[in-house]
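Beneath this line is the structure, given in structure tokens, with notes to follow.
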Amino acid sequence: MNLRRSKMWADDAAAALLDRLHERPEMRMCLATGSTPLPMYGRLAQSPDAFAAAAVLLLDEFGDLPADEPASCDATLRRALIDHVRPADYRAIVTAHPGEPAAVDAWIDAGGLDLAVLGIGVNGHLGMNEPGAPADGRTARVDLAPTTMEGAQRYFEGRARPTWGVTVGLGDLLAAGEVWVLAAGESKADIVRRSTDGPVTTAVPASLLQRHPNVTWWLDR
Ligand code: PGA
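Its first residue numbered 461, the sequence shown is counted upward by one per residue in the numbering used here.
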């Protein structure tokens with residue numbers, strides 16, 4: 461496990477991702493939204509050609525949002541990155557389609573995931589894999605934990621109160637060739653410590669990453 465702590469974590473992570481893309485332009489990656497990765501995506505958006513051969517899968521999406529909701533995970537990732545870099549393939553998650561989890565799994569099975577770029581919830585969730593989610597889970601419709609519903613209010617400002625979502629499962633995140641977790645701010649310090657140094661348990665989904673051979677934590681100080 462690599463722990464990278466720096467004031468410049470967003471620049472460093474963006475530079476590392478551009479290096480990976482240089483080595484492997486057709487890289488297949490799963491990308492988180494939330495607020496944490498946005499500074500990194502801002503840097504990457506300035507390299508519009510780097511993603512020309514890459515394939516991007518959205519990590520998760522909230523259920524029951526109006527189609528034009530600007531804070532959906534899809535709209536957020538498009539605005540921050542996808543619209544600027546136009547990857548060869550971009551796969552969002554349409555939560556209204558009952559067959560969507562199986563379709564997302566088929567996308568993953570078509571070539572695996574070289575890299576998963578994740579945030580972390582204050583309860584240790586990865587994507588919408590809340591405490592107790594199965595370590596071998598695949599894409600699924602899931603209920604959100606209370607802290608996740610509360611946290612989502614930062615994005616929706618009262619326009620929507622999602623209680624569920626569809627997320628790529630822990631099984632596929634743990635099977636990715638490389639996993640990055642981005643975390644910034646005092647509010648994440650305790651859960652980062654528990655995830656990296658505490659017991660490995662599905663009660664703290666991010667602690668399962670201790671079993672992964674190639675994980676980098678990109679952290680602010
Ligand atoms: P945040 O969300 O980046 O907005 O803090 C992360 C998460 O809940 O996974």
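A virtual CB, placed ideally from N, CA and C, is assigned to each residue, including glycine.
It should be emphasised that the depicted structure is a prediction, and the values quoted were computed from it without experimental measurement.
Check                                                                                                                                                   : Outcome
If we call anything under 9 Å between Cβ atoms a contact, is residue 709 one with residue 520?                                                          : Since the displayed the chain opens at 461 and closes at 681, residue 709 lies outside it and no answer follows.
Does the stretch 635 to 650 come close enough to the stretch 602 to 613 to have 3 or more Cβ pairs within less than 8 Å?                                : no
DSSP three-state call for residue 654: helix, strand or coil?                                                                                           : helix
How long is the line joining the alpha carbons of residue 468 and residue 680, rounded to whole angstroms?                                              : 8 Å
Which residues does DSSP pair with residue 522 in a beta bridge?                                                                                        : 625
Per DSSP, what are the beta-bridge partners of residue 677 in this structure?                                                                           : 463 and 641
Nearer than 8 Å: is that true of the beta carbon of residue 467 relative to any heavy atom of the ligand FAD?                                           : Because the ligand FAD does not appear in the structure shown, any question about it cannot be addressed here, the ligands present being the ligand PGA.
Given that a residue counts as buried once 16 or more other Cβ atoms are within 10 Å of its Cβ, and exposed if not, what is residue 619?                : exposed
For residue 530 and residue 591, which I take to be in contact (beta-carbon distance under 8 Å), what is that distance rounded to the nearest angstrom? : Not confirmed; about 29 Å, so no contact.
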